[in-house]
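K.L.:
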Amino acid sequence: MKNQFVAETLYMVADLLDLKGDLFFKTRAYRMAAQTIEALDDDIEKIVRQGTLESISGIGEALAKKITELVQTGKLEYLERLKKEVPPGLIDLLSIPGLGPKKVAALYKNLGISTIQALRDAAGNGKLRSLEGFGEITERNILRGIQLLEKTSGRVLLNVAYEDGNRYLTYLKKNKKIKKIDIAGSLRRMKETIGDIDILALSNDPETVMDHFVQYPEVAEILAKGITKSSVILNDHLQVDLRVVDEKSYGAALQYFTGSKDHNVTLRGFAIKKGFKLNEYGLFEKESEKYIAGKTEEDIYKRIGMAYIEPELRENRGEFDAAKNHTLPTLVTPDAIKGDFHVHSLWSDGSDSIETIATVAEKRRYDFIGITDHSQSLKIANGLSEERIQKKILEIQKIRKKHPELRIFCGTECDIKTDGTLDYSNKILEHFDFVYIAIHTAFKMDKETMTRRIIKGMDNEQVNFLAHPTGRLIGKRDPYEVDIEQIIDAAKQTDTRLEINSFPDRLDLDDVHIKQAKDHNIGFVLGTDSHSINHLDFIRFGIATARRGWLEQKDILNTYSVEDIEKIIGT
DNA sequence: GCCGTTTTCGGCCCGACTGTTTTCAGTCG
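FYI, in the working numbering the residues of the first sequence are -2 to 568.
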């Protein structure tokens, strides 16, 4: 699959054209095409071979020619030419908050600045203020922007933003002038990483609300403060935007600020076709500007002629077709989850006893909990020897008597060794209620070998689930090279369920692969991979990722009754 | 650069805020 490569190349072309000062709509066409290709289920190489590129909306003759060249030769003459005209360092400057293509072009043209270092020096020495459109404040903002960029890589994990956002919300709710308040943006859509937090409030006294907003104790800096919109930076460098609107517009604003941008552009297109105009204030008749809807999101989708689309689905990945055909999934909800399959205890590298885990699981009103310690060869994680497995089973039998309402499964997270054999013999595996298999070593294999290794593991009849199927650690480690299509096929053939690992830096499988697997009728399990009882809450992020992958209750084993689970895992 | 049930040319989403200006361009979402 070269889809990502093609998309990144097109994004780069768009950036360079921007810097050259080319037509805005032209660069947008490149970005939209890149986005489309990024979200494509099909292999771009296949589409090129079939010659059907131009049937994709947003790709015309010129782009089809360039994409074909790129796929067939791995290069793009047009990009090479652009690179000679525009120093590539300028693209880095675009990532500084407050700097767009026009300002960057002006910096380069007039002062020859093409690197962040040169810009920092010039701004520090007060050399920018001589330029038209630049002043002292701009210099300060640029210096601050560079600092910010270096402190954060720009995005934080979902759980960090989730906690920050909800803490802020609790603080804001104390203000009596706020009638209604919601988190919007990518946090509402529960994306795996979050760039900034968007909050929307309903109030007739926005100025008081804004005062309250910027006085939040965790605010490090106020970026902007207006009547309807303010932005701050928190101590942990995350940016938070607050918008205040009135009742008539609340639903329209919530829809608008929830995004994704791609979803909204498409939705607006549908509105226009129906003779409407859609913005953050409401849905209006195009000619007369008469207000049609805006109080709730439901009203807006309904008046545009489609079913309500849940925030997690708003990525322009087929949700509009489904909404029009009435085939949107009924997404799994948190209250349907009856337990957690993937928890580590003191027996390996967890920090709590099985007794403690069981007590907390009961408090969470779980029907079951799966204790899955590591297997013997994973010495670093205190993996269990055969002898210790027997002792652990005895302990679980005792604890079960104290918790008759909770089904405590004794599982294992068994390593797949480099040759695809498992870390325990089948005779030992039989002792467990269920078996997870996982890769924890030799990540750097080539794709074919790694895929074969995992599939060999899945072929073992004792195996029930594949843990964190791609092994990625968001922001820290790329997924290992693996052919997901083949893994999905093998899951189907061997009746192995794929895990949605709910630990925030894993979220593995991810939303895109989940949907791909769901289309092949693969079953899933949710596991938090908890190493402490504090991690059990992470199930929330697994559920959100499942929802982003279009999963319904029936797709996820955690929603089944204990009796049905036992039948399926064969215990 | 794309697209077309008003169009093969002329649109293409659009409003808020900031900073630098004296009415607006640039950036952002």
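Every residue gets a Cβ at the ideal spot worked out from N, C-alpha and C, and that includes glycine.
Give every residue of the same chain whose Cβ lies closer than 6 Å to the Cβ of Asp195, excluding the five residues on either side of it in the sequence, and list them in chain order.
P.N.:
Within the same chain, Asp195 has close Cβ partners Ala181, Gly182, Asp238, Phe254.
K.L.:
Where in the region 337 to 376 do unbroken runs of the alpha helix (DSSP H), each at least 4 residues long, occur, reported from the N-terminal end onward?
P.N.:
The qualifying runs are 351 to 360.
K.L.:
Quick check on this structure: which residue in Val522, Ile289, Gly248, Val340 has the alpha carbon closest to the alpha carbon of Ala268?
P.N.:
Nearest of Val522, Ile289, Gly248, Val340 to Ala268, Cα basis: Ile289.
K.L.:
Would Asn232 pass as a contact of Glu215 if the rule is Cβ separation under 8 Å?
P.N.:
Yes; because the gap between Cβ atoms is below 8 Å, this pair is in contact.
K.L.:
Which class does Phe317 belong to by DSSP, given the choice of helix, strand or coil?
P.N.:
Reduced to three states, the DSSP call for Phe317 is helix.
K.L.:
Where DSSP assigns a beta bridge to Leu197, which residues make up the other side?
P.N.:
Per DSSP, Asp179, Arg240.
K.L.:
Which residues in the same chain as Val241 place their Cβ atom closer than 6 Å to its Cβ, once the five residues preceding and following it in sequence are excluded?
P.N.:
Here the set comprises Ala198, Ser200, Pro203, Val206, Thr225.
K.L.:
Which of the three DSSP states is assigned to Ser227 in this structure?
P.N.:
Strand, per DSSP.
K.L.:
Of all the options Asp505, His517, Arg503, which has the alpha carbon lying nearest to the alpha carbon of Ala488?
P.N.:
Closest option to Ala488, Cα to Cα, is His517.
K.L.:
Per the DSSP calculation, Ser527 is bridged to which residue(s)?
P.N.:
Answer is Val340.
K.L.:
Is Gly121 near Leu140, with beta carbons less than 8 Å apart?
P.N.:
Their beta carbons are under 8 Å apart, which means Gly121 touches Leu140 by this criterion.
K.L.:
Could you have a look at Tyr288 and say whether DSSP puts it in helix, strand or coil?
P.N.:
The answer is strand: DSSP assigns Tyr288 an E or B state.
K.L.:
Shortest alpha-carbon distance to Ile540 belongs to which of Pro476, Asn163, Ile511, Phe2?
P.N.:
Checked all of Pro476, Asn163, Ile511, Phe2; the closest Cα to Ile540 is Ile511.
K.L.:
Any idea which residues DSSP pairs Arg474 with across the strands?
P.N.:
Answer by DSSP bridge pairing, in chain order: Leu470.
K.L.:
What is the DSSP secondary structure of Ala304, counted as helix, strand or coil?
P.N.:
Coil, per DSSP.
K.L.:
Please classify Ala355: is it buried, with 16 or more other beta-carbons within 10 angstroms of its beta-carbon, or exposed?
P.N.:
So Ala355 counts as buried.
K.L.:
Provide the residue span of the beta strand (DSSP E) that contains Lys274, from first to last.
P.N.:
Unbroken beta strand (DSSP E) run through Lys274: 273 to 276.
K.L.:
Spatial neighbours of Asn172 within its chain, please: CB distance less than 7 Å, with the 5 preceding and 5 following residues excluded, ordered by chain position.
P.N.:
Closer than 7 Å at Cβ, skipping near neighbours: Val206, His209.
K.L.:
Within the region 502 to 556, note down every full alpha helix (DSSP H) run reaching 4 residues or more, in order along the chain.
P.N.:
Counting only runs of 4 or more, we get 508 to 515, 536 to 545.
K.L.:
Taking the alpha-carbon of Ala61 as reference, which of Gln144, Gly71, Ile44, Leu76 has the nearest alpha-carbon?
P.N.:
Cα-wise, what sits closest to Ala61 is Ile44.
K.L.:
Mind reading off the beta-carbon distance from Asn457 to Phe431? Whole number of angstroms is fine, and I expect it under 8 Å.
P.N.:
Not quite, the Cβ-Cβ distance comes to about 13 Å (not below 8 Å), so this is no contact.
K.L.:
Considering Cα atoms alone, identify which of Tyr75, Ser499, Ile56 is closest to Thr6.
P.N.:
Thr6 has its Cα closest to that of Tyr75, out of Tyr75, Ser499, Ile56.
K.L.:
Going by Cα to Cα distance, which pick from Met442, Glu244, Glu286 is closest to Lys292?
P.N.:
Closest option to Lys292, Cα to Cα, is Glu244.
K.L.:
Apply the 10 Å Cβ neighbour rule to Asn163 and answer buried if 16 or more other Cβ atoms are within range, or exposed otherwise.
P.N.:
With fewer than 16 other Cβ atoms within 10 Å, it is exposed.
K.L.:
Does the region 398 to 406 touch the region 433 to 449, meaning 3 or more C-beta pairs lie closer than 8 Å?
P.N.:
Touching, no.
K.L.:
Going by Cα to Cα distance, which pick from Ile471, Lys81, Ile53 is closest to Leu13?
P.N.:
Measuring from the Cα of Leu13, the nearest candidate turns out to be Lys81.
K.L.:
Using the Cα positions of Thr493 and Leu463, report the straight-line distance between them to the nearest angstrom.
P.N.:
Computed Cα separation, rounded: 7 Å.
K.L.:
Please look up how many angstroms separate the CB atoms of Ile393 and Ile368, rounded, as I've assumed it's under 8 Å.
P.N.:
Contact flag correct, Cβ pair sits at about 7 Å.
K.L.:
Identify the continuous beta strand (DSSP E) that holds Thr167 and give its terminal residues.
P.N.:
No beta strand (DSSP E) holds Thr167; the alpha helix (DSSP H) holding it covers 155 to 170.
K.L.:
How many whole angstroms separate the CB atoms of Arg265 and Ala36, which I take to be in contact at a CB cut-off of 8 Å?
P.N.:
Contact flag wrong, Cβ pair sits at about 18 Å.
K.L.:
May I ask which residues mark the beginning and end of the alpha helix (DSSP H) holding Ile425?
P.N.:
Counting along the chain, the alpha helix (DSSP H) containing Ile425 begins and ends at 423 to 426.
K.L.:
I'd like to check one pair, Glu312 with His260: are the Cβ atoms closer than 8 Å?
P.N.:
In this structure, Glu312 lies closer than 8 Å to His260 by Cβ.
K.L.:
Determine which residues share a DSSP beta bridge with Ile497 and list them.
P.N.:
Per DSSP, Leu523.
K.L.:
How do the region 469 to 484 and the region 346 to 361 stand: do at least 3 beta-carbon pairs fall below 8 Å, yes or no?
P.N.:
With a cut-off of 8 Å, the region 346 to 361 and the region 469 to 484 do not count as touching, because too few Cβ pairs lie within range.
K.L.:
Contact check, Glu294 vs Tyr305 under 8 Å by CB: the rounded distance?
P.N.:
Contact holds; Cβ gap of about 7 Å.
K.L.:
According to DSSP, is Lys399 part of a helix, a strand, or is it coil?
P.N.:
Helix, per DSSP.
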